[in-house]
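Participant:
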Amino acid sequence: MSYHIFSYFYDKVMDQSVYDDWMAFIKKYQPADKNLEILELACGTGQIAVQLAKRGHDVTGFDLSEDMLVLANERMQEENVSFELLQGDMRELADIGHFDVCTCFSDSLCYLREENDLKAVFEGVYANLKDEGVFLFDVHSLHQVNNVFPGYQYIHQDEDDVFLWESFEGDLENSVEHLLTFFVENEDGSFNRLQELHEERVFEIAVYKKLLIEAGFKSVALTADFGRESVSETSPRWFFACKK
Numbered sequence: 001m002s003y004h005i006f007s008y009f010y011d012k013v014m015d016q017s018v019y020d021d022w023m024a025f026i027k028k029y030q031p032a033d034k035n036l037e038i039l040e041l042a043c044g045t046g047q048i049a050v051q052l053a054k055r056g057h058d059v060t061g062f063d064l065s066e067d068m069l070v071l072a073n074e075r076m077q078e079e080n081v082s083f084e085l086l087q088g089d090m091r092e093l094a095d096i097g098h099f100d101v102c103t104c105f106s107d108s109l110c111y112l113r114e115e116n117d118l119k120a121v122f123e124g125v126y127a128n129l130k131d132e133g134v135f136l137f138d139v140h141s142l143h144q145v146n147n148v149f150p151g152y153q154y155i156h157q158d159e160d161d162v163f164l165w166e167s168f169e170g171d172l173e174n175s176v177e178h179l180l181t182f183f184v185e186n187e188d189g190s191f192n193r194l195q196e197l198h199e200e201r202v203f204e205i206a207v208y209k210k211l212l213i214e215a216g217f218k219s220v221a222l223t224a225d226f227g228r229e230s231v232s233e234t235s236p237r238w239f240f241a242c243k244k
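This is the structure we're talking about:
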């Protein structure tokens, strides 16, 4: 999976209001009036990192994609804030700090299609959290992957670009494939047709909980709708809050 092309379109197609929801979810687990050391895994274009830095937190953004980190750095400078950006694979987290909070949003963990990969991330996060630290993340629900995504189509078009998103049932149990087609205009007015394939997978709630407990987390809270509701059979996302 590559974010090379998608990084350019990411903020165009992303619902911007959802960032306020993620910030509200973080705030539920933030001690009042305390500046925190926060590790944001899969930080993408830096939207959340910038908002956290503006609130006075010491932020480290971590992402696999160099293209995403370039955009995050540009946003950081435009917004006149400062935070550290690191490139790497979250399955191989080194000892990069001691954090009060670690986040991993926008269903980024769904790109890990094997239980062993999830376990490696959970263990790495645990090792980089302070005692009583909190790990916050979301994933697609089984309902979303198996009942909503297959057959889904979305078209984005503006004066400059056209982008098509199509989703299909994946080759593994509880998995989905997103075929992204981009029509990028050349200087002569012609268009290049480019494609990326994004593969995601989710697991039973019990699997996430088991792997988190095995990694060392002493409590795991599960909610829906950014922590505002209990999980139901039709919840589109699951939200986890895990305490070291």
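Residues 1 to 244 in full-length UniProt numbering are what the sequence shown lists, from first letter to last.
Backbone N, C-alpha and C fix where the C-beta goes; we use that ideal spot for every residue, glycine too.
1) Select from Tyr152, Gly170, Asp171, Ser175 the residue whose C-alpha is nearest the C-alpha of Leu164.
2) Just to confirm, is the Cβ distance from Phe25 to Leu41 under 8 Å?
3) For Glu233 and Phe191, what's the separation of their Cα atoms in angstroms?
4) Verify the contact flag: Leu118, CB atom, against every heavy atom of the ligand GDP, threshold strictly below 7 Å.
5) Would the region 161 to 176 and the region 63 to 81 be scored as touching if the rule is three or more Cβ pairs under 8 Å?
6) Would you check if the distance between the CB atom of Glu115 and the CB atom of Phe203 is smaller than 8 Å?
7) Using the DSSP secondary-structure output, state which residues sit across from Phe239 in a beta bridge.
8) Compare the beta carbon distance of Asp131 and Lys244 with 8 Å and say whether it is the shorter of the two.
9) Since residue 279 is in the alpha helix (DSSP H), which residue starts that stretch and which ends it?
10) What separation, rounded to the nearest whole angstrom, lies between the Cα atoms of Ile48 and Asp188?
11) Taking Val220 as the reference, give the member of Tyr126, Asp67, Asp117 with the closest Cα.
12) Can you tell me whether DSSP reads Ile213 as helix, strand or coil?
Facilitator: Let me spell this out:
1) Sequence index remark: in the sequence shown, residue 164 carries index 164 (1-based). It is Tyr152 whose Cα lies nearest to the Cα of Leu164.
2) Sequence index remark: in the sequence shown, residue 25 carries index 25 (1-based). Sequence index remark: in the sequence shown, residue 41 carries index 41 (1-based). No. Outside cutoff.
3) On the sequence shown, position 233 is the one that residue 233 refers to. On the sequence shown, position 191 is the one that residue 191 refers to. Looking at the two C-alpha atoms, the distance is approximately 43 Å.
4) The ligand GDP is not among the ligands present in this structure, which contains no ligands whatsoever.
5) no
6) Along the sequence shown, one-based indexing puts residue 115 at 115. Along the sequence shown, one-based indexing puts residue 203 at 203. Yes, the Cβ-Cβ distance between Glu115 and Phe203 is below 8 Å.
7) Counting from 1 along the sequence shown, the entry for residue 239 is found at position 239. Note: Phe239 sits in a beta bridge opposite Asp138, Thr223.
8) Counting from 1 along the sequence shown, the entry for residue 131 is found at position 131. Counting from 1 along the sequence shown, the entry for residue 244 is found at position 244. Yes, Cβ-Cβ distance for Asp131 and Lys244 is below 8 Å.
9) Within the shown structure, residues of the chain are numbered from 1 to 244, placing residue 279 beyond reach of any answer.
10) Taking the first residue of the sequence shown as position 1, residue 48 is located at position 48. Taking the first residue of the sequence shown as position 1, residue 188 is located at position 188. Cα-Cα distance, rounded: 37 Å.
11) As a first step, residue 220 is located in the sequence shown; it is residue number 220 there, counting from the start. The shortest Cα separation from Val220 among Tyr126, Asp67, Asp117 belongs to Tyr126.
12) Within the sequence shown, numbered from 1, the residue matching residue 213 stands at position 213. In this structure, Ile213 counts as helix in the three-state DSSP scheme.
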